[in-house]
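Going left to right, the sequence shown walks through residues 635 to 758 as this note's numbering numbers them.
A short worksheet on the structure shown next.
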Amino acid sequence: MRYKNLFFAFSIEIFFGLFTSILIIVLGFKAIAFLSLFALRPFILEKERISAQDEFWYKYFQLGKNSLIIFAVLIILVSLFVEFFVHNNFLYENKDRVLHLLIPLYIMIHGLVGVLSLNNNSLK
């Protein structure tokens, strides 16, 4: 099953990823419970069947793979930036918040890559 309105589904991912990241920064790791509302998405959005031969499966797999690659590069760039330009132990002192930010940031990046791929007509 896939969502009929993919733009709205990916926009929800962006919203939940961004809002949960902000909540974790402000309130701490307990704010990750906000992601439990993300589980309501399959019950709210309309779905349609996908045939087994549809290219959507391949494109959606590529979308996840591209999101993961972008996320890994982003982690490397942020850690290099902190290592070279921040002169205190920022990552060590805030390791609990940084680690809890990984899940919502991946959800947000997946939504952004999904919206961009919809604009390129590769997922329609």
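Even for Gly, the Cβ is constructed at its ideal location relative to N, Cα and C.
Per DSSP, cross-strand counterpart(s) of residue i
| i | result |
| --- | --- |
| glutamate 682 | Arg636 |
Beta-carbon spacing of residue i, residue j below 8 Å
| i | j | result |
| --- | --- | --- |
| isoleucine 646 | serine 701 | no |
| serine 655 | leucine 708 | no |
| isoleucine 648 | leucine 746 | yes |
| proline 738 | glycine 651 | yes |
Beta-carbon separation (whole angstroms), residue i vs residue j, contact threshold 8 Å
| i | j | result |
| --- | --- | --- |
| arginine 582 | methionine 635 | Because the chain spans 635 through 758 in this model, residue 582 falls outside it and cannot be assessed. |
Residue interval of the alpha helix (DSSP H) (run including residue i)
| i | result |
| --- | --- |
| glutamate 727 | 724 to 727 |
| alanine 706 | 690 to 719 |
Beta carbon proximity, residue i to chain B, threshold 8 Å
| i | result |
| --- | --- |
| methionine 742 | Absent from the structure is chain B; it holds one protein chain and no more. |
Inset, instruction - Decide if the segment 685 to 695 is in contact with the segment 718 to 734; the criterion is three or more beta carbon pairs, one per stretch, under 8 Å apart. - result: Taking 8 Å as the limit for Cβ pairs, the verdict is that the segment 718 to 734 does not touch the segment 685 to 695.
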